[in-house]
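Note that our numbering numbers the sequence shown so that position 244 is 257, with each residue one more than the last. Note that CB positions come from ideal geometry on N, CA and C, so glycine has one too. These numbers were taken from a predicted model, which means no experiment stands behind them. Data first, discussion second: the structure below is written as structure tokens.
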Amino acid sequence: VRLRLVPERDGSGSIVSVLGIGEDVTERVRVTSALHDSEQRLNFALDKTQTGLWDFFPQSGRLVLSDSYYTMLGYQPGAFPATYEDGWKALVHQNDKGRAVAAFESFAGPSGQRSSYAVQFRMRSRDGEWRWINSRGTAVERDSDGRAVRVVGVHLDITAQRMAEAEQRFRTDVLEHALNGFSIVDGDGHFLYANRAHLALWGYERLDEIVGTSPASHCVDPDMASRIKMVLRARNEGTFEFKARRRDGSTFDVMMACKRYIDQDGRELFTGSSIDISDRIRAGAVIRETQERLLSWTAATSSILWWADARLELAPPQPSFQAVTGFTAQRLDNGGWVEALHPDDRREVLSRRLGSADSGELYECEARIWHAPSQRYRWYLERGVPRREDSGAVLGWAGISIDIQRQKEAESALQEADRRKDEFLAMLGHELRNPLAAISTVGEIVCRHAQLSAPLASAGEILTRQTAHLGRLVDDLLDVSRLLHGKVALRCESVNVAELAQQIADDQQPQLALRRQKLMLTRPAEPVVVDGDPVRLAQILENLLSNAGKYSPDGGEIRLLISSGPGFAQIRVQDDGAGIPD
């Protein structure tokens with residue numbers, strides 16, 4: 014009840030009576046309470062939904078704003094004037110202001126005739142950030158000329174929506190420009206989306222050509238799509254390789270990474286990222302074929318192909334090394350491959366490898382490696398070349414160990430045969446001296462009695478001459494033996510080369526005269542003295558003159574020239590022979 018009391022006064026002003034009027038206001042209180050509750054609910058809704066109310070009177074420019082109009086921008090209610098200029102226009106982003114004001118003026122301005130308006134723009138919040146606002150309004154009262162007298166509207170903060178839309182556009186743009194194909198398939202097995210790379214991969218030009226079709230039609234194996242779906246439903250994701258069919262019927266190899274999702278509406282979706290791996294498959298086949306050929310070759314030759322890291326350490330797997338040595342991959346790891354080397358060769362191999370690893374130069378070394386098929390060590394020649402980056406840094410090494418066991422055995426056999434030959438020559442030289450001594454004695458005896466008969470004298474001379482010649486041959490055999498064993502000793506002394514040349518020339522004259530060859534000696538008058546072995550120097554001169562006579566024509570001319578200079582002596586032999594072709 015609402016009670017109103019009116020006092021009645023006398024002439025002196027004193028209250029003489031009170032008139033009371035009572036009014037039943039139950040309905041009004043109920044309505045007021047309901048209105049208050051409704052206002053609270055509205056304010057709560059406006060606050061939670063980031064919505065502000067505005068009420069604008071164009072003729073006066075007055076603007077009535079709800080508290081949420083302020084708070085949605087981070088301001089306290091009443092923080093800025095509730096006017097068109099200061100309460101709205103001043104807060105709009107400069108880049109949006111022209112468009113927003115034009116839209117509002119066409120609606121609520123003096124010449125505005127539109128019944129409602131809607132526009133999106135940015136407004137500055139209290140912390141300086143820009144919030145996207147979706148503003149909508151309608152004219153609730155117009156004058157007789159149709160001009161808006163009162164318009165009301167709402168501001169809705171759509172910043173999160175705009176950011177989500179921008180992010181979605183960004184993601185879509187990224188997908189559209191991705192090199193890998195990307196697609197989305199629904200739970201029923203129909204395409205919902207495919208980016209440009211996916212369309213190109215499968216031979217389509219437009220999205221509408223593939224939407225609604227089934228991935229099963231893109232697989233050579235018609236059951237592949239259902240198997241992929243079964244795997245994804247069991248573990249949500251997986252990577253698959255299969256033979257695919259393009260729109261024109263051609264086939265290619267594809268690798269697809271797939272994932273299963275359940276969206277917010279409970280729909281089952283499958284995504285796939287795919288790439289064409291046909292080149293990789295073909296390259297892999299070529300590599301496997303090459304590896305098989307190399308392994309077959311190494312198996313046939315007992316050679317080893319290997320690869321190593323930058324420090325020339327072998328890392329498993331090494332199929333060729335394992336096949337030859339019988340080592341497992343586990344045994345090769347962590348330097349275990351060294352155990353396959355002969356104990357006496359390990360230090361040298363490791364030293365050579367470290368040296369090449371530090372220098373980056375070609376690695377080469379001979380070593381004995383365990384050969385499992387024959388159960389013994391065999392000799393191998395190891396060679397490794399570095400693999401480098403563009404900068405020149407060593408990435409690793411590729412190498413081969415060539416079986417040289419037969420070569421080593423042949424070298425050993427040759428050395429043994431050479432040793433036996435040298436021993437035979439030495440023995441032969443010494444053994445021939447004994448009969449030569451006896452023959453020489455007989456020759457001397459015959460020569461002493463040469464006056465007995467002319468034939469006997471001739472025989473004695475021949476015997477003596479041939480014995481001396483045979484003696485020189487024996488000396489040559491012994492010299493060869495000593496030379497091969499490194500035992501030839503030079504007995505050096507001062508030798509007059511000019512005088513020695515004269516003696517040798519005199520000795521050779523009779524032999525050259527038999528072929529009517531003329532020997533001419535040119536020598537300086539003064540001595541030409543050197544420090545040398547006179548016997549060896551004489552042998553050299555005899556050989557030079559003997560060869561000159563042998564290869565010169567009958568009646569030819571041979572020239573022996575002796576000269577000297579500071580610190581040297583020079584001996585030259587010239588003849589009329591054919592010589593050695595250039």
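Across the structure, T96 and R149 are spaced so that their CA atoms are roughly 18 Å apart. In this structure, G405 keeps its C-beta atom at 8 Å or more from the C-beta atom of A323. Within the same chain, and ignoring the five residues on either side of I415 in sequence, the residues whose Cβ sits closer than 7 Å to its Cβ are S316, Y393, L394.
The way I'd put it, the stretch 77-91 does touch the stretch 126-143; three or more beta-carbon pairs between them come closer than 8 Å.
DSSP, read as helix, strand or coil, puts H168 in strand. Of all C-beta pairs linking the stretch 233-250 to the stretch 264-280, three or more are shorter than 8 Å, placing the two stretches in contact. Counting only runs that start and end inside the stretch 103-156, the beta strand (DSSP E) elements of at least 3 residues fall at 129-137, 143-155. Per DSSP, C378 lies in no alpha helix (DSSP H); the unbroken beta strand (DSSP E) holding it starts and ends at 376-384. Taking P399 as the centre and dropping the five residues before and after it, the same chain places the C-beta of G373, V407, W410 closer than 6 Å to its C-beta, in chain order. Going by beta carbons, G202 and P228 fall inside the 8 Å limit.
Residue pairing by DSSP leaves N208 without any beta bridge partner. Taking 8 Å as the cut-off, the Cβ atoms of L66 and G100 do not count as close. In chain order, R163, V164, V165 place their CB closer than 8 Å to the CB of V153, counting only its own chain and leaving out the 5 sequence neighbours on each side. By alpha-carbon distance to A191, the top candidate from Q174, L345, R209 is R209. Boundaries of the beta strand (DSSP E) around L318: 317-322.
Spanning the alpha carbons of G24 and I34 requires a straight line of approximately 24 Å. The beta-bridge partner set that DSSP reports for A270 consists of T252, S286. By the Cβ test, the stretch 467-476 is not in contact with the stretch 508-528, since fewer than three Cβ pairs between them sit closer than 8 Å.
Comparing C-alpha distances from G262 to each of R246, T226, C232 shows the shortest one belongs to C232.
Taking C-beta atoms as the reference points, P356 and L345 fail to come closer than 8 Å. For P332, the secondary structure class from DSSP, reduced to helix, strand or coil, is helix. Remark: C-beta atoms of Q530 and G569 approach each other more closely than 8 Å. The Cβ atoms of D358 and R391 lie no closer than 8 Å to each other. Residue pairing by DSSP places Q587 opposite R572 in a beta bridge. Excluding five sequence positions before and after S287, the CB atoms of its chain that fall closer than 6 Å to its own CB belong to G194, V267, M269, given in chain order.
Just so you know, the alpha carbons of E21 and S27 end up roughly 8 Å apart. If the five residues before and after W383 are omitted, its C-beta is found closer than 7 Å to the C-beta atoms of T338, A353, Y390, all from its own chain and listed in chain order.
N108 and V14 have their alpha carbons spaced roughly 59 Å apart.
For the stretch 499-586, the full-length alpha helix (DSSP H) segments reaching 4 residues or more read 510-526, 547-564 along the chain.
Between the stretch 514-521 and the stretch 551-558 there are three or more inter-stretch CB-CB distances shorter than 8 Å, so the stretches are counted as touching. Between P566 and the set A526, Q335, V187, the nearest pair of CA atoms involves A526.
Pairing G590 with A561 gives a Cβ-Cβ distance under 8 Å. In terms of Cβ geometry, F255 and S291 do not form a close pair [threshold 8 Å]. Cβ-Cβ separation between L550 and V586: approximately 14 Å, too far for a contact (criterion under 8 Å). The three-state secondary structure of V233, taken from DSSP, is coil.
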